[in-house]
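What follows is a short report on a single structure.
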Amino acid sequence: MKRIKAIYPGSFDPPTNGHFDLIERGSKIFDELVVAILRNPEKDPLFTVADRRKMLESMTAALDNVTVDTFDGLTVDYALRVGAQAILRGIRAISDYEYELQMALMNRKLQPGLETVFMMPAAKYSYLSSRLVREVAQLGGPIDCLVPEIVGQKLREKIDVAHKFGNEQTAVSKASQGKNKLRKRKA
Ligand code: PNS
């Protein structure tokens, strides 16, 4: 019987409950699911790739058919390299749709044999994004029901360190970088 392997690519800076919800859903319909963290040298992320990998590995430890990996270059090239037939992406709201459609069609142009599969996270996560989690955490708001325990812990450590060194500005400026990204996406 044919086994279907999918990758779930993203930045995961940091992974949220919404990401986890999608990973769980994906793990139920695909035989194998690889959560693939993009190593993007152009970005200035809050968490290193190694930290994000550790958090995702801990979050997915109980899901037998889920693994975590990192990649750079084109997502479609990575998918082919690991023998995946599908790319999993989440759509939270109609505002995600345009960007996701554009990306899915470009990926199809680049690699026609690879399918993008969209799944919706639970409605209670439809407002949740890594950017907002970073911003709320950096401005001292509660994040406990937004991210898994391990991520909350790591976020608190990061913010404590930033505050200790009087570096709130740096921490907050990371949040606004996220906003610029959103503006770029809409451009
Ligand atoms: O979590 P994100 O930031 O929305 O994930 C975006 C991601 C990593 C899926 C996208 O930027 C990507 O696929 N980047 C890899 C480079 C690539 O393949 N670009 C062409 C995409 S059409």
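For the sequence shown, the numbering used here gives the first residue as 179, with consecutive numbering after it.
Glycine included, C-beta positions come from ideal geometry on N, C-alpha and C.
Beta-carbon spacing of residue i, residue j below 7 Å
i      : j      : result
Ile328 : Met233 : yes
Gly188 : Leu266 : no
Leu211 : Ala184 : yes
Ser304 : Ala271 : yes
Whole-Å CB distance - residue i paired with residue j, under 8 Å assumed
i      : j      : result
Val314 : Asn195 : With 8 Å as the limit, Val314 and Asn195 do not qualify as a contact, their Cβ atoms being about 13 Å apart.
Leu216 : Val254 : That belief does not hold up - the Cβ atoms of Leu216 and Val254 are roughly 13 Å apart, past 8 Å.
Ala240 : Leu292 : No, Ala240 and Leu292 are not in contact; Cβ-Cβ is about 28 Å, not under 8 Å.
Minimum C-alpha distance to residue i - residue among the options
i      : options                           : result
Gln263 : Ala271, Arg286, Val311 and Gly251 : Arg286
Glu220 : Asp250, Ile207 and Asp199         : Asp250
Val260 : Gln280, Gln316, Thr248 and Pro320 : Thr248
Asp242 : Ala340, Ser273 and Phe208         : Phe208
Phe190 : Ile201, Lys180, Ile182 and Arg181 : Ile201
Arg334 : Lys302, Phe343 and Gly318         : Gly318
Val244 : Pro290, Leu252, Gln280 and Tyr186 : Tyr186
Same chain only: Cβ atoms within 6 Å of residue i, ignoring 5 sequence neighbours per side
i      : result
Val246 : Val213, Arg231, Leu234 and Glu235
Ala300 : Asp199
Pro223 : Asp191
Proximal residues to residue i (C-beta, below 7 Å), its chain only, five neighbours per side dropped
i      : result
Val311 : Pro192, Thr194, Ile321, Leu324 and Val325
Met237 : Pro193, Phe198, Pro326 and Ile328
Same chain, Cβ closer than 8 Å to residue i, five either side skipped, listed in chain order
i      : result
Ile269 : Tyr275, Glu278, Phe296, Met297 and Met298
Lys332 : Pro192, Phe225, Asp229 and Met233
Where are the alpha helix (DSSP H) runs, 4 residues long or more, that stay fully inside the stretch 271–334, in chain order?
-> 272–288 and 308–316
In chain order, each beta strand (DSSP E) run of at least 3 residues that lies wholly inside the stretch 198–235 | 210–216
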